[in-house]
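Residue numbers (the working numbering): 5 to 220. Ideal Cβ placement from N, Cα and C applies to all residues, glycine included. Shown next, in structure tokens, is the structure this report addresses.
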Amino acid sequence: MAFTKINSKMIEARVVPGQRLFSQRGAMLAYTGEVRFTPNITGGQGGVMSMIGRRVANEDTPLMTVEGQGTVMFGHGGHHVQVIDLTGDTLYVEADRLLAFEGSLQQSTMFMGSQGGVMGMVRGQVTGQGLFTTKLDGHGAVAVMAHGGVFELPITPNQPVHVDPQAYVAHRGQVQNKLSTALGWRDMIGRGSGEAFQLELSGHGTVYVQASEEKL
């Protein structure tokens, strides 16, 4: 794995010749060795459509291509960092929660509405996040950011998981999602008033949830 956790809010990445990393712009804290940082306006390997998709969704998260030989320390905004190792599977993650990922992973932008009708549109209105999310496929490591740390919840065929959309960070596996409403749900648990939405994830996989409702 290219990433090693220094503490809960910083990671160290090994950069070797012939391999590249992508990171969120502004996430480099320090580095040693001969390392090059190049702005990547096309959003990693997603091409122009990835860039357009993010701009439409107000999720234009500029990336840097990191190449050369050395070590780089990454962190951003004092957020907690979680490293997820992909072994041939797929991770769906909010674009603004990506800290860094290995260039061996294939990146694309997905319209969240295709995973449950209006789910993406409603979640965009509720959380201020857009209709698009980033899809990463293959073998490699991904570092994601969250407020207050991340916990993992297993999703099994007999046990769907309900998540506050504002606490959702990412998910992996063969998972379907849909949005349901629960009138007064926030009132009952003391988080405000009005109609609340719950994101229901079913199937087989894992959902990553942050310990906060604060948007990055």
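CB contact flag (residue i, residue j, <9 Å)
i       : j       : result
Ala-34  : Met-68  : no
Ala-174 : Val-148 : yes
Glu-38  : Gly-81  : no
Ala-104 : Ala-150 : no
Phe-7   : Gln-111 : no
Thr-2   : Leu-102 : Nothing in the structure corresponds to residue 2, since the chain is present only between 5 and 220.
Gln-23  : Gly-107 : yes
Thr-94  : Arg-176 : yes
Val-179 : Gly-152 : no
Ala-17  : Thr-75  : yes
Val-165 : Glu-204 : yes
Cross-strand partners of residue i (DSSP beta bridge)
i       : result
Ile-159 : Gly-209
Lys-13  : The partner list for Lys-13 (beta bridge, DSSP) is empty, contrary to what the question assumes.
Ser-108 : In the DSSP output, where bridge partners are listed per residue, Ser-108 has none listed.
Glu-204 : His-166 and Lys-182
Ser-27  : Met-68 and Ala-104
Ala-273 : Examination of residue 273 is not possible in this model, given that the chain is present from 5 through 220 alone.
Val-19  : Gly-74
Opening and closing residue of the beta strand (DSSP E) in which residue i lies
i      : result
Gly-81 : Segment: none, Gly-81 is in no beta strand (DSSP E) and carries neither H nor E.
Gly-37 : 32-44
Three-state secondary structure assigned by DSSP to residue i
i       : result
Asp-89  : strand
Ala-150 : strand
Ala-99  : helix
Ala-215 : coil
Ala-171 : helix
Thr-8   : strand
Taking contact to mean 3 or more Cβ pairs, one atom from each stretch, closer than 8 Å, check whether the stretch 144-154 and the stretch 88-103 are in contact.
Cβ pair count under 8 Å is three or more, so yes.
Should the stretch 95-103 be called in touch with the stretch 155-170, which here means at least 3 C-beta pairs below 8 Å?
Not touching, per the Cβ criterion.
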